[in-house]
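For the sequence shown, this note's numbering begins at 9 and goes up steadily by one.
Glycine included, C-beta positions come from ideal geometry on N, C-alpha and C.
Predicted, not measured: the structure shown is a model, and the values here were computed from it.
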Amino acid sequence: MARHRETACASQSTETVHDMTAPSIAIRPALAHGDIADVPGKRVRAINRVVLFNVKYSPNLGDGLLSECLERELMRSLPDCEVVSVDLAGRTEYPASHGRARGLALALLDRCPAPLRQVAARAMLEMLLRTRLRGRYRVGLSGADAVVIGGGNLLTDSDLNFPMKISGALAEAARLSLPVSVYAVGVAPKWSDAGARLFTRAFANARLTWASVRDIRSQEGWAAHFGPRAVLAEVVVDPGVLASLHYPPAPRSLSGRKVGFCVTDPLAVRYHSDKTSAATLEDWYPAALRSLVEAGFEVALFTNGSPEDREYLHGRFYDWIHHARGPVTLSPSFETPADLAAFVSGCNAIVGHRMHACIAAYSFGVPAIGLRWDVKLDSFFELAGRGNHMLDPASVEAGDVGTRTAAAIADHLDPAPLIARACREVAEFAARLQDAMP
9 MARHRETACA SQSTETVHDM TAPSIAIRPA LAHGDIADVP GKRVRAINRV
59 VLFNVKYSPN LGDGLLSECL ERELMRSLPD CEVVSVDLAG RTEYPASHGR
109 ARGLALALLD RCPAPLRQVA ARAMLEMLLR TRLRGRYRVG LSGADAVVIG
159 GGNLLTDSDL NFPMKISGAL AEAARLSLPV SVYAVGVAPK WSDAGARLFT
209 RAFANARLTW ASVRDIRSQE GWAAHFGPRA VLAEVVVDPG VLASLHYPPA
259 PRSLSGRKVG FCVTDPLAVR YHSDKTSAAT LEDWYPAALR SLVEAGFEVA
309 LFTNGSPEDR EYLHGRFYDW IHHARGPVTL SPSFETPADL AAFVSGCNAI
359 VGHRMHACIA AYSFGVPAIG LRWDVKLDSF FELAGRGNHM LDPASVEAGD
409 VGTRTAAAIA DHLDPAPLIA RACREVAEFA ARLQDAMP
């Protein structure tokens, strides 16, 4: 993938492409951090520590992948600055044991009437914030010069999860009078009344200096929710697009026919979408695998790491193999974002719902078929010019998946321009962070 770095950040040697500690000498924004001291009349102190609030250690490794990419790319532009993530859920590492209760929680919440569900979730979150999370946010902000909310699908309201956690994080930042930026977040078009009040109050009380979102729909959502009360949000590329610059690629399958099939528990799909029912996917998945096998592909089943996805897949794997009547294998579970990136980079195509499996694939030049469920996935495919490779399991026959995958492979994919844009945007953001220093 050195070609990507040469195109995106011309002049960086191939030897440093995957050196996570090497500063970037290739990107020079209009006002880089080293230039600020030379501006007449402007004297600012160096920025030493930037804290990102996100869900880096989510069991869904896509969140970790985008967080690591943003951390590392910021450090290229701010080589003397410490850039760290504070997980909004209080997690500190990627162990496989994380999130094992999540599947049960989702199932219980799915059975609750909406009003009862929100009351129960709020009570649990209030207890967590009071007894554990606010303290962790406070410790994480020690010595910070700037705070960033992002990236990820954070300005969403599923049972008040992010409204309450982000409110707590911003309250701690406000207590220290720290400047706050928002970077490459997803913004849901609808929040509950309680969620809207929490978000609005939290950002109104913060020292919000700049904001960006990861797609046009999120920009529209930001404007609709905050109106003139907050800064306008710019659109930037999701930092997960930089995966090929920060993770070494695996050897590509020699057969040229390896398809990674990312399985998502239908319950999780239903929890975030009203378009695809669990019953549809229960029958659709095995039929899609047979379609791929009949089209001559070798299928490797995997998940992004969420325990509910793993359990769902492992409970059906043998039946699916029998139904597919061909080369279908189960990939080992991944423990880190690097594992996910390595697997995806070694495939010839990817099929799945999970956004950052598709984004990582795009970064490595691997074509993806996106399975429609959340508008955020449509938004990325449109941004990448691959919108015709979105497929809705609720309306597209599973028997067409093999043909659609072959068409995606045949459709030339050049990720270099979008990678170059993402590099430039992070470098410009780094300059903004430095420029905001007193």
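Three-way DSSP call (helix, strand, coil) for E242 in this model:
Indexing the sequence shown from 1 puts residue 242 at position 234. Residue state, collapsed to three classes: strand.
The alpha helix (DSSP H) spanning I454 covers which residue range?
Because the chain here runs from 9 to 446, residue 454 falls outside it and cannot be looked at.
Alpha carbon to alpha carbon, how far is I417 from L262? Give it in angstroms, no decimals.
One-based indexing of the sequence shown puts residue 262 at position 254. One-based indexing of the sequence shown puts residue 417 at position 409. Rounded to the nearest angstrom, the two C-alpha atoms are 15 Å apart.
Can you give me the start and stop residues for the alpha helix (DSSP H) that K173 sits inside?
To locate residue 173, count along the sequence shown from 1; it is residue 165. First-last of the alpha helix (DSSP H) with K173: 169-183.
Kindly list the residues whose CB is nearer than 8 Å to the CB of M172, restricted to its own chain and excluding five residues on each side of it in sequence; keep chain order.
Start at 1 with the first residue of the sequence shown, and residue 172 comes out as number 164. Around M172: R130, L133, E134, L137, L206.
Could you tell me if G313 is buried or exposed, where buried requires 16 or more neighbouring beta carbons within 10 angstroms of its beta carbon?
Here the question's residue 313 lines up with position 305 in the sequence shown. With 16 or more other Cβ atoms inside 10 Å of its own Cβ, G313 counts as buried.
For W218, three-class secondary structure by DSSP
Start at 1 with the first residue of the sequence shown, and residue 218 comes out as number 210. Strand at W218.
Three or more C-beta pairs closer than 8 Å, one from the segment 397-412 and one from the segment 297-310: is that the case here?
yes
Do V193 and L163 have their CB atoms nearer than 8 Å?
Taking the sequence shown and counting its residues from 1, the one referred to as residue 193 is at position 185. Taking the sequence shown and counting its residues from 1, the one referred to as residue 163 is at position 155. In this structure, L163 lies closer than 8 Å to V193 by Cβ.
How big is the Cα-Cα spacing for P423 and E433?
One-based indexing of the sequence shown puts residue 423 at position 415. One-based indexing of the sequence shown puts residue 433 at position 425. If I take the Cα positions, the gap works out to 16 Å.
Go ahead and pull the three-state DSSP assignment for M398.
In the sequence shown, residue 398 corresponds to position 390, counting from 1. Strand.
For G229, which residues from the same chain have a beta carbon less than 7 Å from its beta carbon, with the 5 sequence-adjacent residues on both sides left out?
Numbered from its first residue, the sequence shown carries residue 229 at position 221. Excluding positions up to five away in sequence, the list reads V195, A196, P197.
Report all residues from its chain with a CB closer than 6 Å to the CB of I329; omit the five preceding and five following residues, and keep chain order.
As a first step, residue 329 is located in the sequence shown; it is residue number 321 there, counting from the start. Excluding the 5 residues flanking it on each side, I329 has same chain C-beta neighbours closer than 6 Å at V336, in chain order.
Do the segment 430-445 and the segment 390-403 make contact, defined as three or more Cβ pairs closer than 8 Å?
no
What does DSSP give as the partner residue(s) for S189 in the beta ladder?
Here residue 189 refers to the residue found at position 181 of the sequence shown. Answer by DSSP bridge pairing, in chain order: V156, W218.
Separation of P294 from C355, as counted between CA atoms:
For the purposes of this step, residue 355 is taken as residue 347 along the sequence shown, with counting starting at 1. For the purposes of this step, residue 294 is taken as residue 286 along the sequence shown, with counting starting at 1. If you draw a straight line from the Cα of C355 to the Cα of P294, it is about 20 Å long.
DSSP three-state assignment for V47, whether helix, strand or coil
Along the sequence shown, read from residue 1 onward, the residue named residue 47 stands at position 39. Its pLDDT being 37, under 50, V47 is placed unreliably in this model, and the coordinates cannot settle the point.
State the start and end residues of the unbroken alpha helix (DSSP H) segment that holds V352.
Walking along the sequence shown from the start, residue 352 turns up at place 344. Counting along the chain, the alpha helix (DSSP H) containing V352 begins and ends at 345-353.
Do H397 and I377 count as a contact pair if the criterion is CB distance below 8 Å?
Looking up residue 377 in the sequence shown gives position 369. Looking up residue 397 in the sequence shown gives position 389. A contact, by the Cβ cut-off of 8 Å.
Drop a sphere of 10 angstroms on the beta-carbon of A38, count the other beta-carbons inside from all chains shown, and report buried for 16 or more, exposed for fewer.
In the sequence shown, residue 38 corresponds to position 30, counting from 1. The predicted position of A38 is uncertain, since its pLDDT is 31 and thus under 50; a value taken from the coordinates is nonetheless stated next. It is exposed - the Cβ of A38 has fewer than 16 other Cβ atoms within 10 Å.
Can you give me the C-alpha to C-alpha distance between V359 and L379, rounded to a whole angstrom?
Residue 359 sits at position 351 when you count from the first residue of the sequence shown. Residue 379 sits at position 371 when you count from the first residue of the sequence shown. Their backbone Cα atoms lie some 7 Å apart in a straight line.
When burial is assigned at 16 or more other CB atoms within 10 Å of the CB, is V59 buried or exposed?
Indexing the sequence shown from 1 puts residue 59 at position 51. So V59 counts as buried.
Chain-order list of residues whose beta-carbon lies under 8 Å from that of E79 (same chain, five-residue window excluded)
Looking up residue 79 in the sequence shown gives position 71. Cβ within range, chain order: L60, V91, V92, S93.
Which residues mark the beginning and the end of the alpha helix (DSSP H) in which V374 is found?
Against the sequence shown, residue 374 aligns to sequence position 366. Looking at the DSSP string, V374 is not in any alpha helix (DSSP H), and its letter there is neither H nor E.
Starting from S93, trace the beta strand (DSSP E) both ways and give me its first and last residue.
Along the sequence shown, one-based indexing puts residue 93 at 85. Here the beta strand (DSSP E) through S93 covers 90-95.
Rounded separation between R146 and Y102 - CA only:
As a first step, residue 146 is located in the sequence shown; it is residue number 138 there, counting from the start. As a first step, residue 102 is located in the sequence shown; it is residue number 94 there, counting from the start. So the alpha carbons of these two residues sit roughly 21 Å apart.
Whole angstroms are fine: how far does the CA of L309 sit from the CA of C270?
Translated into the one-based positions of the sequence shown, residue 270 becomes position 262. Translated into the one-based positions of the sequence shown, residue 309 becomes position 301. Each residue's Cα considered, the two are about 6 Å apart.
By the 10 Å Cβ neighbour count, where 16 or more other Cβ atoms means buried, how is E290 classified, buried or exposed?
As a first step, residue 290 must be located in the sequence shown, where it is residue number 282. Counting Cβ neighbours within 10 Å, E290 comes out exposed, since fewer than 16 surround it.
Using the C-alpha atoms, what's the distance from R183 back to N213?
Residue mapping note: residue 213 aligns to position 205 of the sequence shown, counting from 1. Residue mapping note: residue 183 aligns to position 175 of the sequence shown, counting from 1. Looking at the two C-alpha atoms, the distance is approximately 10 Å.
Could you tell me the distance, in whole angstroms, from the CA atom of S175 to the CA atom of T208?
Reading the sequence shown from its first residue, position 167 is the one you call residue 175. Reading the sequence shown from its first residue, position 200 is the one you call residue 208. When rounded, the distance between both Cα atoms is 9 Å.
Taking the alpha-carbon positions, what's the V383 to H420 distance?
Taking the sequence shown and counting its residues from 1, one reaches residue 383 at position 375. Taking the sequence shown and counting its residues from 1, one reaches residue 420 at position 412. Across the structure, V383 and H420 are spaced so that their CA atoms are roughly 24 Å apart.
Within 10 angstroms of the Cβ of L253, are there 16 or more other Cβ atoms? Answer buried if so, exposed if not.
Taking the sequence shown and counting its residues from 1, one reaches residue 253 at position 245. That one is buried.
I need the straight-line Cα distance from L126 to P256, nearest angstrom please.
Looking up residue 126 in the sequence shown gives position 118. Looking up residue 256 in the sequence shown gives position 248. Here the sequence assigns Gln to residue 126, which means Leu is not the residue at that position. Rounded to whole angstroms, the separation of the alpha carbons of P256 and Q126 is 42 Å.
When burial is assigned at 16 or more other CB atoms within 10 Å of the CB, is Y191 buried or exposed?
Reading the sequence shown from its first residue, position 183 is the one you call residue 191. Y191 counts as buried, since at least 16 other C-beta atoms from the protein chains shown sit within 10 angstroms of its C-beta.
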